[in-house]
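In my numbering, the protein residues as written are -3 to 486.
Backbone N, C-alpha and C fix where the C-beta goes; we use that ideal spot for every residue, glycine too.
Nothing here was measured: the structure is a model prediction, and the numbers come from that model.
Here it is as C-alpha cells:
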C-alpha cells in the first residue's frame, strides 16, 4: 500500500558547486491484471521530497526473448519472476547480491542478468569501491562482479572528494544494456558531503569498467539511461549545476565529435598545447567514451538564491522527472511534470504533464532540434539571472489545483509512438493510472484514458513495451501482492 506523498516539502542540502493467478481487470477492458504468487512492497521509490526520486524495491525488464520479467529486492537476494506467453511462471530465479543496497537489474541479449548494488563507505578511504555491477547466468549463477569508487566518469580535474561514498542517495539508479556495454546512471552522496549523479559503464564481455570523459550534475534528483545508437542517452534532473532537465549523449570511443584536425593543426594554437595533447591525451582519449550534455528544460529561481545560500529555494525546481524513451534513430522523448512558467508564477502554479520530442544529435538550444513545438522563456541559472528559452515543449494537461499528477512515465512502441502513463489524484484522493499516446511528431492519438482505479505504477522505473503491450509491475492500493499489468496499445 502506498500513501500519497505529493505535498511539496523541500530539504536544504549542502550545494555542490564546482567542488500466480490471472484475471482481466473489470476496471478497464484494455488493462490486464495478473497476480503473481509473490508478496513484496516494491513501490518504495518515493524520494524524501516531492521532486526527488528514490530507488524502488522492484523493477520490470525484458529478457532476451522479449518476455517480461519482474524482480524485487530481499535482504540478501534479488528474486526474479519470469513470464511465458505473457503469464507469470511460478518458479523463480534467485540472485545473491554482491552488496546490501539494491540499485537495479536487467538482462542482456544472451540471457545473462546484471544487478547493481552498493554500500556506504564509513571510512575516508576514497579508493574503496562502493558500487558494483554483477553478472549472472540465466539460472542465477554469479559469473563476475566489477566495482567502482565513482571516479571512472569524472574528468581529471575532479579531486577524490567527488568520489562516491554512498550510492543512490537523493535520487535513483537506472541500468541499460546496449551491445557489449552496460550503463548505470545513479545518484550518490560524495565524500565532500554533497550530492550528484554518476555514471558507471562496464564492458559486459570482459566485465571491466570503461573510462568516460566526464558526466556530472549536482544536485541530481533523478537519473535515466536508455540505449541510443551504439551508445546511450542519459537524463538528469538538476537544481543548480545545471538547473534543468539535462540530456546527455554517451558515445563510444571513436564515434564522438572529438577535436577537429583544423583545431589541432592551427598554427596560431600554442605549441605546448599540441605537445600535451599529442603525448599525454591522445592515447587515453582514443579509449575514452565522450559525453555531450545539453539542457532542454529549465527551472525558475529568484535572483540571488544561490548567493544567499538559500538551499530551501535552490532544491525546489517546481518539477519532477518522468522518463526518456527513443522512438527511432532520429528522435527521442522526455516526459515530465513542471510548473509552466519561468517566473515567480511557478511558485503557485499546478505542475502539468509535458513532452519534448527531439533529435539528440542536434543542437537543442534552438527550435530546429525538436520535433514538437512550443517555447517557454524566462529566468533560470543558480542565481536566477540567466535568460533562457526552452523549445519543443508540448503541454499535455491543463489541470486546475484540484488535481495532482504523480509518477509520469514514458515508453516507445515499435511504431515509434510514445505511451505516457501517470497517476492522478483529486483533492489528495487517488483516482488511478491514466494513459496518453502521442505519435512520433507529438500529435495526441489517444487522449487521456483511465486504465485502472486500484493499480499503482512502479515509481522511477519506466514500463517496458513488448508484443504490442505496455507492461509494468506494481502493487495495488491495498496489500503487498505483486501484480503484472499489461496495457494493449492499439
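Unbroken beta strand (DSSP E) run spanning residue 228, endpoints
Element bounds for residue 228: 227 to 237.
Tell me whether residue 99 counts as near the ligand FMN, meaning its Cβ is closer than 7 Å to at least one heavy atom of that ligand.
The model depicted lacks the ligand FMN and carries no ligand whatsoever.
Cβ shell of residue 355 (< 7 Å), same chain only, five flanking positions each side left out:
Result list for residue 355: 326, 327 and 365, in chain order.
Quick check: the Cα distance between residue 426 and residue 483, rounded to an integer number of angstroms?
If you draw a straight line from the Cα of residue 426 to the Cα of residue 483, it is about 20 Å long.
Proximity of residue 170 and residue 220 at Cβ, strictly below 8 Å
In terms of Cβ geometry, residue 170 and residue 220 form a close pair [threshold 8 Å].
Looking only at its chain, what residues have a beta carbon closer than 6 Å to the beta carbon of residue 143, apart from the 5 residues adjacent to it on each side?
Closer than 6 Å at the Cβ level, and outside the excluded window around residue 143, lie 125 and 128.
Which word fits residue 251, buried or exposed, when buried means at least 16 other C-beta atoms lie within 10 angstroms of its C-beta?
Around the beta-carbon of residue 251, fewer than 16 other beta-carbon atoms lie within 10 Å, marking it exposed.
Nearest-angstrom beta carbon gap, residue 368 and residue 390 [assumed within contact, 8 Å]:
Residue 390 to residue 368, Cβ: 4 Å. Contact.
Consult DSSP for residue 33 and reduce its assignment to one of helix, strand or coil.
Three-state result, residue 33: strand.
Residues near residue 223 by beta carbon distance below 6 Å, same chain, minus five either side
For residue 223, where only same-chain residues beyond five positions count, the Cβ hits under 6 Å are 172 and 174.
Can you give me the C-alpha to C-alpha distance between residue 241 and residue 55, rounded to a whole angstrom?
Those two C-alpha atoms are separated by around 23 Å.
Please look up how many angstroms separate the CB atoms of residue 416 and residue 347, rounded, as I've assumed it's under 8 Å.
Not quite, the Cβ-Cβ distance comes to about 15 Å (not below 8 Å), so this is no contact.
At least 3 beta-carbon pairs within less than 8 Å: the region 289 to 302 vs the region 370 to 383:
These segments touch.
Given a cut-off of 8 Å, decide if residue 37 and residue 409 are closer than it, judged by their beta-carbon atoms.
When the beta-carbon positions are compared, residue 409 and residue 37 stay at least 8 Å from each other.
Beta-carbon proximity list for residue 473, same chain, < 6 Å, skipping 5 on both sides
450, listed in sequence order.
With distances taken from CA atoms, which of 337, 311 and 342 is nearest residue 371?
Selection 337, 311 and 342 evaluated against residue 371 yields 337 as nearest (Cα-Cα).
Please report the straight-line C-alpha distance between residue 179 and residue 84, rounded to a whole angstrom.
Rounded to whole angstroms, residue 179 and residue 84 show a C-alpha spacing of 28 Å.
Would the region 41 to 49 count as touching the region 303 to 319 if we require 3 or more Cβ pairs under 8 Å?
Output reads yes: the region 303 to 319 touches the region 41 to 49.
Cα-Cα, which of 141, 352, 342 and 209 is closest to residue 374?
Restricting attention to 141, 352, 342 and 209, the CA atom closest to the CA of residue 374 is found in 342.
For the candidate residues 154, 429 and 333, whose alpha-carbon lies nearest to that of residue 188?
Closest in alpha carbon position to residue 188, among 154, 429 and 333, is 154.
Is the beta carbon of residue 166 less than 8 Å from the beta carbon of residue 98?
Against a cut-off of 8 Å, the Cβ pair of residue 98 and residue 166 comes out as no contact.
Exposed unless 16 or more other CB atoms sit within 10 angstroms - verdict on residue 441:
Classification of residue 441: exposed, given that the 10 Å Cβ count is below 16.
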